[in-house]
Amino acid sequence: MRVSISCAACRQAKVKCHHDGSPPCRRCLRLRTPDCVLSDPRAAPRTPPRRAKRRAIQAVSMSLESREIPSRSPSSRAVSQVSVSQSDPVACLSPSTIISACETYRKKFPTTNFLHYPSLIADISACPSTVDPVFVAAVLALCARFMPSHGLQPEDVYADYARSQLALRAFESPSLALAQSLVMVSFYEWGSGHAYKAWMYSGMATYMIQSLLKTADDNHEATAQTQYEQLVRTYWCCFAQDCELSSGARQHFALSFQQISVPLPIADHDFIFVRPAPQRLMPADMCGGSRSLPRTLTIDHGLTLVTRGFDIFVRILRFANESRRARASSAAPAALQPSSWQTLKEELDEWRALQDVTLRYPTTNVQAHVALGSGELFAYINLIHFMSVLFLDRDRVLASYHPLSDLVHRVPAVDEPSDATDDQSTIHQLFTAAQNIGGILSALEAAETPVITPYSGFSVFVAAHINMYGTVSPQRYPGGLHRAEEETQRNFLYLDRVRQLWPVGHSWVFPFLCDWRTVQEAKDFYRMAKSTQTQNASHLTLAGRLDEYGDIRCLRLRLDSPRNPSVRRHSPVRQRSLVVGDAGRGDRTRHPSDREASTDHLPANNAPDTPLDLQDLEADMLQWPFIDGSWSLGMSTGWDGWNG
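Heads up: the sequence shown begins at 1 in full-length UniProt numbering, then just goes up one per residue.
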């Protein structure tokens with residue numbers, strides 16, 4: 001049998017050991033492993049002699065010197081250092097810079113809190129080379145944009161290095177550092193508008209961490225608590241990331257919370273101080289009215305609350321999209337929608353009830369958590385809650401509105417709100433949720449701890465449209481017209497800052513052209529809606545106008561349905577020729593009748609004396625930020641799918 005000579009490191013990694021007969025091998029040289037000793041696997045394992053080990057260290061050192069400093073002249077040395085910096089941008093970083101990057105990561109990305117900072121900082125301070133350079137590059141790919149005073153290179157330099165190294169090490173045995181690096185590179189790709197790449201990296205991280213968890217479970221006694229908890233936290237960060245990637249795109253999430261058998265993260269204090277947890281919660285303990293929780297959860301269990309919250313939110317968003325598409329096709333399973341809505345509402349209320357009162361904004365102010373260093377995590381918990389409320393209430397509001405053809409002949413749904421008070425309460429909750437989204441992020445910025453991430457940008461994008469709706473109906477908006485306009489402008493400025501830090505922000509601000517097209521179109525739409533509130537049948541005019549934005553398809557489809565032949569025959573939407581490419585784009589040819597929606601276009605039984613109460617108009621406006629086919633462009637396909 002042919003036996004190859006290899007070193008212990010390559011043999012353990014199960015990769016081919018490339019060498020010229022003497023140490024170090026190519027892999028150890030690349031990874032700067034000092035104790036590369038070639039041996040026959042049939043020989044009995046033994047500790048390498050000190051002389052051989054010293055020779056290996058000297059060989060690695062001489063090889064690195066020959067590559068980095070080929071000449072002793074000052075000019076050659078400077079050129080060599082620049083070359084090394086370009087090929088390995090993390091090689092020359094000081095320990096203090098790496099520690100600052102890790103601290104920035106801890107604050108800015110609370111949903112990926114999988115690092116044990118005491119041991120990590122101790123390792124960096126003692127010997128930075130012990131930390132995997134791919135891990136350091138992945139951290140800087142996310143955090144360099146927040147560290148302008150450190151003289152770092154652009155974040156894409158570190159991202160390119162991390163991607164290239166991950167590609168070279170894709171077939172190595174899985175490790176925690178590689179899995180965590182994949183998670184961070186996935187966030188970088190999402191923020192860059194490359195959702196498919198982010199999905200691929202996230203999937204790789206998930207499968208890698210599942211393999212590591214299986215190994216750890218098989219050898220639980222031999223696995224240190226800190227190491228096992230990092231595996232658990234990384235797994236749940238993969239889950240939260242999967243939900244985030246699905247939140248702004250029309251794609252299914254890969255993991256189901258209730259079917260996961262991995263324990264939930266322990267309290268942060270137990271994790272940091274390496275204390276045994278008094279109780280290990282499971283996903284089943286967080287749902288279904290479980291009695292396993294003796295008390296409410298504080299910020300110490302923030303990661304657990306975030307993962308459960310994302311599970312609820314992403315299913316609410318799926319329900320909202322499916323419900324909207326069902327209404328558009330006039331094929332909604334009406335008997336199932338109320339029960340589905342109620343189930344999600346109960347889950348959301350149960351999740352909120354699990355949170356201690358100190359986690360509920362605005363009952364608890366932001367500054368209290370900023371003082372404790374947990375302001376960012378506090379913000380994420382509340383952003384998830386208010387976004388869930390917003391989409392649930394928005395769906396309930398739309399469900400209570402009906403097109404003209406249904407105003408006279410329709411059978412009310414079983415649980416349809418029959419009292420105007422319920423509608424007013426829902427509208428109030430909708431506006432309040434949008435106000436709280438902007439309020440909590442503004443409070444963090446005032447405390448000099450801003451949160452500017454893709455998910456927070458997505459939240460503000462949706463809230464800004466609700467603010468604009470408040471400028472049209474100020475009598476319902478808490479604080480009136482002045483507050484609605486002020487909060488709208490503040491959210492626009494926030495979106496501009498998101499765009500400057502994260503390229504995916506262009507998909508909300510600049511979806512097709514390098515100007516404020518989405519925002520300006522929304523402004524024009526609401527301004528036009530406000531000016532036409534007093535006109536009869538103005539919703540028909542709006543329907544034609546909204547099609548120019550590539551929006552509000554559901555009203556047009558229902559008006560054109562075979563059940564409404566008179567509206568189908570007379571609707572101005574049917575009279576206009578429209579050539580549409582991508583949503584919101586294309587060459588359009590409008591007829592003069594588009595701008596003239598008289599009562600002659602209405603069926604006889606919906607004559608001008610029919611009281612419309614502007615409900616159809618409001619239904620049109622509420623749908624603007626939710627059913628436009630372009631708003632999720634950057635999150636579903638990114639610039640990869642942009643034909644601009």
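Think of the CB as a built atom: it goes at the ideal place given N, C-alpha and C, for glycine as much as any other residue.
Measure the CB-CB distance between residue i and residue j and report whether it falls below 8 Å.
| i | j | result |
| --- | --- | --- |
| Y380 | F431 | no |
| V90 | L140 | yes |
| P454 | G191 | yes |
| A179 | M208 | yes |
| P276 | W236 | no |
| N436 | A464 | no |
| P263 | M282 | yes |
| S297 | Q355 | Looking at the sequence itself, residue 297 is Leu, so the reference to Ser does not match. A contact, by the Cβ cut-off of 8 Å. |
| residue 687 | A198 | Only positions 1 to 644 of the chain appear in this structure, which leaves residue 687 out of reach. |
| residue 653 | R32 | The displayed coordinates of the chain run from 1 to 644. Any statement about residue 653 would go beyond what the structure contains. |
| F257 | R308 | yes |
| C36 | A13 | no |
| Q230 | H116 | yes |
| I440 | Y361 | yes |
| V306 | T111 | yes |
| L344 | F319 | yes |
| K108 | E448 | no |
| P174 | L212 | yes |
| G480 | V460 | no |
With a threshold of 16 other CB atoms inside 10 Å of the CB of residue i, please say whether the residue is buried or exposed.
| i | result |
| --- | --- |
| P278 | exposed |
| R595 | With a pLDDT of 35 at R595, under the threshold of 50, the modelled position of that residue is not reliable, and the figure given next carries that caveat. By the 10 Å Cβ count, R595 comes out exposed. |
| I452 | buried |
| L336 | Note that L336 has pLDDT 45, beneath the 50 cutoff, so the model's placement of it is unreliable and the number below is only indicative. Under this definition L336 is an exposed residue. |
| D20 | exposed |
| Q424 | exposed |
| F273 | exposed |
| C17 | buried |
| H506 | buried |
| S261 | exposed |
| L38 | buried |
| C238 | buried |
| S94 | exposed |
| Q489 | exposed |
| Q165 | buried |
| N606 | Unreliable positioning characterises N606 in this predicted model, as indicated by a pLDDT of 39, which lies under 50. A coordinate reading is not provided. |
| T206 | buried |
| H301 | buried |
| C143 | buried |
| H194 | buried |
| T363 | exposed |
| T215 | exposed |
| S149 | exposed |
| L390 | buried |
| P608 | Any reading at P608 is ruled out, since the residue's pLDDT is 38, under 50, leaving its predicted position unreliable. |
| E487 | buried |
| S4 | exposed |
Using a Cβ-Cβ distance cut-off of 8 Å, determine whether residue i contacts chain D.
| i | result |
| --- | --- |
| S39 | Checking the listed chains, one finds no chain D in this structure; it contains a single protein chain. |
Pull up the CB-CB distance for residue i and residue j, whole angstroms please, since I reckon it's below 8 Å.
| i | j | result |
| --- | --- | --- |
| L317 | T234 | That pair is no contact at about 25 Å. |
| H369 | I299 | 7 Å |
| R27 | V15 | 7 Å |
| N467 | A484 | 6 Å |
| residue 651 | F146 | There is simply no residue 651 to check, as the chain begins at 1 and stops at 644 in what is shown. |
| A162 | S181 | 6 Å |
| R396 | W341 | 7 Å |
| W502 | G470 | With 8 Å as the limit, W502 and G470 do not qualify as a contact, their Cβ atoms being about 27 Å apart. |
| D88 | P34 | Not confirmed; about 17 Å, so no contact. |
| L392 | F378 | So it is not a contact: roughly 22 Å between Cβ atoms. |
Meets three-Cβ-pair contact criterion under 8 Å: the region 495 to 507 and the region 174 to 189: The answer is no - the region 174 to 189 does not touch the region 495 to 507, with fewer than three Cβ pairs under 8 Å.
Sufficient close CB pairs (3 or more, under 8 Å) joining the region 383 to 390 to the region 427 to 441: Enough Cβ pairs lie closer than 8 Å, so yes.
Within the region 353 to 406, ranges of the beta strand (DSSP E) (whole runs, at least 3 residues): Along the region 353 to 406, the beta strand (DSSP E) does not occur as any fully enclosed run of 3 or more residues.
Whole runs of the alpha helix (DSSP H) within the region 138 to 179, excluding any shorter than 4 residues: Runs of the alpha helix (DSSP H) inside the region 138 to 179: 155 to 168.
Touching by the beta-carbon criterion (3+ pairs, under 8 Å), the region 116 to 125 and the region 97 to 107: Enough Cβ pairs lie closer than 8 Å, so yes.
Minimum length 4: unbroken alpha helix (DSSP H) runs contained in the region 196 to 278: Segments of the alpha helix (DSSP H) lying fully in the region 196 to 278: 225 to 247, 268 to 272.
Cβ pair count under 8 Å reaching 3, the region 155 to 174 against the region 130 to 138: Counting C-beta pairs closer than 8 Å gives three or more between the region 155 to 174 and the region 130 to 138, which meets the contact rule.
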